[in-house]
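For reference, the structure is listed below as structure tokens.
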Amino acid sequence: MKNIHQKKLSDETIAQRIRSASESRPPADFVSRVMDGLEPKKLSFWTRVRLWLTEPRSMTFTPVRLIPVVATVAVLLVVGISQFDMLYMPDNGNHPVRFVFRSDAVPASNVAVIGSFNNWQATGAMMQYDRSAGAWVLEMPLPPGNHEYMFLIDGEKFVEDPYAPLGRDDGFGNRNSIIIVDGAYEQAL
Amino acid sequence: MSRLCNWFFPAVVLLSVLLCGGVATAEQVDFEAMAKDAEDCGISSVSVNILETAIHDGKLSGDEAGRLLGHLVEVCSEKLPTVPFEEKMAEGLAKRVAPVAVERVLAAKLEDYRDAKIILTEAGKGDDPSLLVIAGEGLSNGVSTSELQAFASARGENDEKEFLVGMEMLCLLRQAGFDAALVNDTLDTGFESGSLSPDWRYFIRVALVARERGVDNASIMKAARQVLASGGVPGDVSIRLGFTSRNIGRRVN
Amino acid sequence: MDEKRETEIIREVLAGNPGAFEELVRRYQGPVYSLMLRSLGNADDAADLAQEAFARAYTRLETFKFGKRFFPWLYSVSMNVLRDRVRAMGRDFHVYMETDALPAQAENAVDEREAVETRLDGEKAFEVVLRLAPKYREALILRFRYDFTMREIARTLGVSVSGAKMRVGRGLDMVREEFGRNE
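Protein chains in written order, with this note's numbering: chain A, 11 to 199; chain B, 4 to 256; chain C, 914 to 1096.
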């Protein structure tokens, strides 16, 4: 059991400790060891050219300096982030939802419901044609929350649900339909 | 001077190439390395599998897949909820959107989530992943940062559960086009009477049905305020407006 | 030492004066040696490898791009030297980065005088860092001791920028967890 008074190390503190911790010291003769092993350099032609060109002096044009890209995220100041859970934990609160698609205007050989709840994959989400209703139908258990979806006609055409009261721009130029699954009420929207 | 330019500039270009050690190529992304990062961070293997399958099927190059996965790793590295991003990526791929366009959408979403995180952190609620998703999605779908900010600073001290309900109501109602003032008045009533129970999270359903039945926004919200003031639930709003949730049949006509 | 001075030094070395390199060795011997020591756990090996790192940096100095910081470049060269040594020892470098550091030896290598300070929170926290798997340990040290940018960390460790951010974040979490457990 966690002690509630237990102090949690903040990122700032850890950073500071790392910064100030003592660094191991190399042997006293290290520098001379390194220097003893170095031979004077003989310059290649191109290195000479490069040095000449990059010599700092006023010129009519200056070489482009590459500026290191600095990360913009400040991870440091956020303290004690707990591991996040999956957003929609499948609890026993899955509710059966009925999707209906009428294909009068859009003739179809097969129709699937694809959405955020099935990674937008048609596998396992094929609708059945109900002759009496004159429409394609599929019932699917969904967890509470709002879910985006579309109908996929013949594996290639993406169509909105004309009866969905709420829709949303998908960011790709299409419009998704939204179904809101609420534990308290019948899924009849 | 112009004659000088004829040979000067090509020479300069040649020299620049030599100085910079060759023509710079865009950094190729290593999908395998990215997949490892993804695994380390805790991104679902489903997303990695989707990308691997796409590579296998020739729909994405390794570089494209790596870039997409890189966005997910970035989200994860900032301790933001990855599920909405994973879903968005899957959506883009399923809809055969060009990878560059998917990347753009993911990047924009990340900006929204970063804003959401800042807003929530200021209100002392930056760690809650559910809130981050509600706020992040809200910003992605048209709620303004100023509105969200105003809500968060006004209600930061309130009960956590009520804060969540209130914020979700704000985001969904505003996305559905309900006027800001109406929404805020309603939420104020809810907070004041302490009746923002979890039932109210999806009040939007009742509101949309009412709208379909021809009830105007102002009347809907008025009914909501009345119900909230007396500690009721969204179902009571339907009743007050003249229909019950029971007879909200799915219109298959 | 600012960038301008470093550029001057490098130009001098390239112009044929090896003596100029000494200033850079003196400046960065600590970090390079520390890297080798915590990676190998043995002072003699660490000194050898650190010397090799500087020698290689000297040899490859022509490839250094002016305008970038020298230290991250030197550190990358050092990491490569380390990688080659790990491979020569018959180990896979990736596996090495994933597994835990050699705890006992690395700590013993710290100066005895400093052992007294282990009572302080500061050293304790750093000890925890030293015990992390190299991939996280190095990311934290690069970030907080040497103020590398995420891009520099990414280049040095051979990962993506997001990967670098992730390693820093995870590293912090792991230190926090481990520290809490030992309190």
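Glycine is no exception: its CB is placed at the ideal position from the N, C-alpha and C atoms.
If you draw a straight line from the Cα of lysine 112 of chain B to the Cα of aspartate 114 of chain A, it is about 37 Å long. In the three-state reduction of the DSSP assignment, alanine 122 of chain A falls in the strand class. Taking the C-beta atoms as reference points, glycine 145 of chain B is found no nearer than 8 Å to phenylalanine 182 of chain A. Take the alpha-carbon of aspartate 162 of chain B and the one of proline 201 of chain B: they are about 12 Å apart. Beyond the five residues adjoining it in sequence on each side, phenylalanine 109 of chain A comes within less than 6 Å, by CB distance, of Val123, Leu148 in the same chain, given in chain order. Cβ contact annotation for tyrosine 1049 of chain C (same chain, cutoff 7 Å, sequence separation greater than five): Arg1080, Arg1083, Gly1084, Met1087, in chain order. Using a CB distance below 7 Å, the part of the stretch 1053-1078 of chain C facing chain B consists of Val1072, Ser1073, Ser1075, Gly1076, Lys1078, ordered along the chain. Under the Cβ criterion (8 Å, minimum of three pairs), the stretch 1058-1065 of chain C does not count as touching the stretch 58-78 of chain B. No Cβ of chain B is located within less than 8 Å of the beta carbon of tryptophan 62 of chain A. Considering only beta carbons, the part of the stretch 83-102 of chain B lying closer than 7 Å to chain A consists of Pro84, Val86, Glu90, Ala93, Glu94, Gly95, Ala97, Lys98, Val100, in chain order. Going by DSSP, tyrosine 139 of chain A is part of no alpha helix (DSSP H) but of the beta strand (DSSP E) stretching over 138-140. In the DSSP assignment, alanine 36 of chain B is bridged to no other residue. From the beta-carbon of isoleucine 190 of chain A, the residues of chain B found nearer than 7 Å are Tyr205, Ile207, Arg208.
Between alanine 97 of chain B and isoleucine 122 of chain B a beta carbon distance of about 31 Å is seen, past the 8 Å cut, so the two are scored as non-contacting.
DSSP, reduced to helix, strand and coil, places valine 1081 of chain C within a helical segment of the structure shown. In this structure, the straight-line span from the alpha carbon of lysine 120 of chain B to that of glutamate 150 of chain B is close to 14 Å. Chain-order list of chain C residues neighbouring alanine 25 of chain A: Phe1057, by C-beta distance under 7 Å. Under DSSP, proline 106 of chain A takes part in a beta bridge, and its partners are A:Pro151.
Your pair asparagine 220 of chain B and aspartate 191 of chain B does not check out as a contact, with CB atoms roughly 17 Å apart and the cut at 8 Å. By the CB criterion at 8 Å, serine 1075 of chain C and valine 76 of chain B fall inside the cutoff.
Counting of Cβ neighbours within 10 angstroms places phenylalanine 127 of chain A among the buried residues, the total reaching 16 or more. The straight-line gap separating the alpha-carbon atoms of aspartate 39 of chain A and threonine 64 of chain A is approximately 35 Å.
Taking the beta carbon of isoleucine 53 of chain B as reference, the chain A residues within 9 Å of it are Asn129, Gln131, listed in sequence order. Contact between alanine 93 of chain B and asparagine 129 of chain A is confirmed by a C-beta separation of about 4 Å, below the 8 Å threshold.
Taking a contact as a CB-CB distance under 8 Å, the pair alanine 179 of chain B and leucine 211 of chain B counts as one, their CB atoms being some 6 Å apart. Valine 926 of chain C and glutamate 42 of chain B have their C-alpha atoms roughly 44 Å apart.
By the beta-carbon neighbour count (other beta carbons within 10 angstroms, threshold 16), phenylalanine 55 of chain A is exposed. For arginine 969 of chain C, the closest of C:Arg1000, C:Phe934, C:Asp957 by C-alpha to C-alpha distance is C:Phe934.
Judged by pairs of C-beta atoms under 8 Å, the stretch 16-32 of chain A does not touch the stretch 934-946 of chain C, as fewer than three such pairs exist.
If you ignore the 5 residues before and after leucine 176 of chain B, its C-beta comes within less than 7 Å of the C-beta of Val186, Ile207, Ala210, all in its own chain and listed in chain order.
Of the other Cβ atoms in all chains shown, fewer than 16 fall within 10 Å of the Cβ of valine 116 of chain A; this residue is therefore exposed. Here the alpha carbon of valine 999 of chain C sits roughly 28 Å from the alpha carbon of lysine 981 of chain C.
Secondary structure of tyrosine 1059 of chain C (DSSP, three-state): coil. Note that the C-beta distance between leucine 974 of chain C and leucine 995 of chain C is not below 8 Å.
DSSP places asparagine 187 of chain B in the helix class (H, G or I) of the three-state scheme.
Closest option to valine 107 of chain A, judged by alpha-carbon separation, among A:Val41, A:Gly144, A:Met150, A:His157: A:Met150.
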